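Peer 1: To start, I am sharing the structure in question, which I have written as structure tokens.
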Amino acid sequence: MVETNIPPSNLDDKLNELQFIYKYNPKDFEFVDIIESSRHIVKEFLYKPLKIKMAVKTIRIPINRYENNESDEKLTRLKREISSFRQLSHHPNIVNFYGLCFNDGEAMICMELMDMSLYDLYLVVHDKKEIFPEAILSYIAIQVLEALGFYSLASTFVGTIAYWPPERFETLKDQQNTEADFHYDVRSDIWSLGITLAETALGSLPFVDEHNQPISRENNGNENIVTIQHCIMHTDTDKLIKRCFGETYSENFVNFVKMCLEKLENRPKYNELVKTEFYKKFIGKITHEDRKNF
């Protein structure tokens, strides 16, 4: 291992070759903007030694002063999330993981900065009162599915509660189980994909409360979290599909999303979804020119 402050010429080499270790210096990070601040703060920084912008997710490192299980579980989740970033970064459809810094009791997870999030993209479309194009939604679905095929060995949960599958909550109803005890397969990620596609088509989370009012993804209060949990555990897939897609989208696409939102015992894995007519229609058919037009 070589510690150096001289960046190699090629960006990929700079970020992927293990022999380059950059000493952390807070002065090397120039704050640009706050990207997300709902659960964990994500900021945009300019990393001056390499002259690149990156997204930096900051997570408070749990300190177990009283040897309680809650702190241990939080630390386990943090380790698991960092491990996931390291493994996922090797797929072209997933943002690069640049590295990890520790500063003032916080872990700083440094990642590739996206041009725009899917959330921001669908807000632009729906603010214009337009229908989110099926071609783009299909492209997103295929690319995410390919990434899930690459990383189908995930075994523990990370992520935002609105995208958790029903079986997650069913398992945790048993008070003897902790988050660290629960293991899952790619079908849980398949559920998350289905919810994401439904949300993108609708322009908001695809859940409604008992008064048939939409649930905001911006509200992280306990009451909202309980409402989301209730909605997920009692999801009526047919009603959700009809509310989000109506008669606008093709039968093949709607059937694909519906498969993603089946109960666990009926929900397909990656190797089954790639046999669907929807997948066969789009895989390898979208060209670089198509992506530019998107």
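Counting in full-length UniProt numbering, the sequence shown runs from 1 upward without gaps.
C-beta: ideal position from N, C-alpha, C; glycine also.
Computed from a predicted structure; not experimentally measured.
Residues in the same chain with beta-carbon distance under 8 Å from phenylalanine 85, minus the five sequence neighbours each way, listed in chain order, please.
Peer 2: Cβ within range, chain order: Phe97, Ile109 and Met111.
Peer 1: In whole angstroms, what separates the C-alpha of leucine 123 from that of glycine 203?
Peer 2: Whole-angstrom Cα-Cα distance: 7 Å.
Peer 1: Nearest by alpha-carbon distance to glutamate 30: which of Lys43, Glu36 and Lys23 is it?
Peer 2: Measuring from the Cα of glutamate 30, the nearest candidate turns out to be Lys43.
Peer 1: Looking at the secondary structure, which residues open and close the beta strand (DSSP E) in which valine 56 lies?
Peer 2: Note, valine 56: beta strand (DSSP E), 52–60.
Peer 1: From lysine 242 to phenylalanine 253, what does the alpha carbon distance come to, in whole angstroms?
Peer 2: Roughly 13 Å separates the two Cα atoms.
Peer 1: Let me check understanding here. Comparing Cα to Cα, which of Tyr249, Tyr119, Ala55 and Glu81 lies closest to arginine 217?
Peer 2: Comparing Cα positions, the closest option is Tyr119.
Peer 1: Using the three-state DSSP reduction, which class does glutamate 112 fall into: helix, strand or coil?
Peer 2: Correct three-state label for glutamate 112: strand.
Peer 1: Are glutamate 134 and leucine 264 closer than 8 Å when you measure CB to CB?
Peer 2: Contact flag unset, no.
Peer 1: Just how far apart, CA to CA, sit valine 186 and glutamate 146?
Peer 2: Valine 186 and glutamate 146: Cα-Cα distance of roughly 12 Å.
Peer 1: Under 7 Å Cβ to Cβ from tryptophan 199, same chain only, skipping five residues before and after it: list those, please.
Peer 2: Reading the sequence as shown, one finds glutamate at residue 199 and not tryptophan. These residues qualify, in order along the chain: Leu205 and Pro206.
Peer 1: Looking at the structure shown, is glycine 246 part of a helix, part of a strand, or coil, going by DSSP?
Peer 2: Coil at glycine 246, not helix or strand.
Peer 1: Cβ of valine 144 within 8 Å of Cβ of methionine 114?
Peer 2: No, the Cβ-Cβ distance between valine 144 and methionine 114 is not below 8 Å.
Peer 1: Going by Cα to Cα distance, which pick from Ile35, Lys48 and Ile161 is closest to methionine 116?
Peer 2: Closest by alpha carbon: Ile35.
Peer 1: What is the DSSP secondary structure of leucine 215, reduced to helix, strand or coil?
Peer 2: Per the sequence shown, residue 215 should be read as isoleucine rather than leucine. Note: isoleucine 215 maps to coil in three-state DSSP.
Peer 1: Is the beta carbon of glycine 149 closer than 8 Å to that of tyrosine 270?
Peer 2: In this structure, glycine 149 lies closer than 8 Å to tyrosine 270 by Cβ.
Peer 1: Of the residues Asp238, Pro62 and Ile215, which one's Cα is nearest the Cα of histidine 230?
Peer 2: The shortest Cα separation from histidine 230 among Asp238, Pro62 and Ile215 belongs to Ile215.
Peer 1: Given aspartate 209, which residues of its chain have a CB within under 7 Å of its CB, disregarding the five upstream and five downstream residues?
Peer 2: Taken in chain order, the residues that qualify are Ile215 and Thr227.
Peer 1: From the DSSP output, which residues share a beta bridge with phenylalanine 31?
Peer 2: DSSP output for phenylalanine 31 lists Phe45 as bridge partner(s).
Peer 1: State the Cα-Cα distance for the pair asparagine 212 and leucine 193, rounded to the nearest angstrom.
Peer 2: Their backbone Cα atoms lie some 23 Å apart in a straight line.
Peer 1: I need the DSSP call for leucine 197, collapsed to helix, strand or coil.
Peer 2: Leucine 197 falls in the helix class under three-state DSSP.
Peer 1: Return the CA-CA distance between methionine 1 and histidine 40, expressed in angstroms with no decimal places.
Peer 2: Interpretation of methionine 1 is limited by its pLDDT of 28, a score under 50 that renders its predicted location unreliable; the figure taken from the coordinates is listed afterwards. Each residue's alpha carbon lies about 32 Å from the other.
Peer 1: Tell me the rounded alpha-carbon separation between threonine 237 and asparagine 266.
Peer 2: One C-alpha to the other measures close to 13 Å.
Peer 1: Expressed to the nearest angstrom, what Euclidean distance is found between the alpha-carbon atoms of lysine 239 and glycine 105?
Peer 2: Their backbone Cα atoms lie some 45 Å apart in a straight line.
Peer 1: Below 8 Å on the Cβ atoms is my guess for isoleucine 136 versus tyrosine 163; work out the distance and round it to an integer in Å.
Peer 2: Not quite, the Cβ-Cβ distance comes to about 20 Å (not below 8 Å), so this is no contact.
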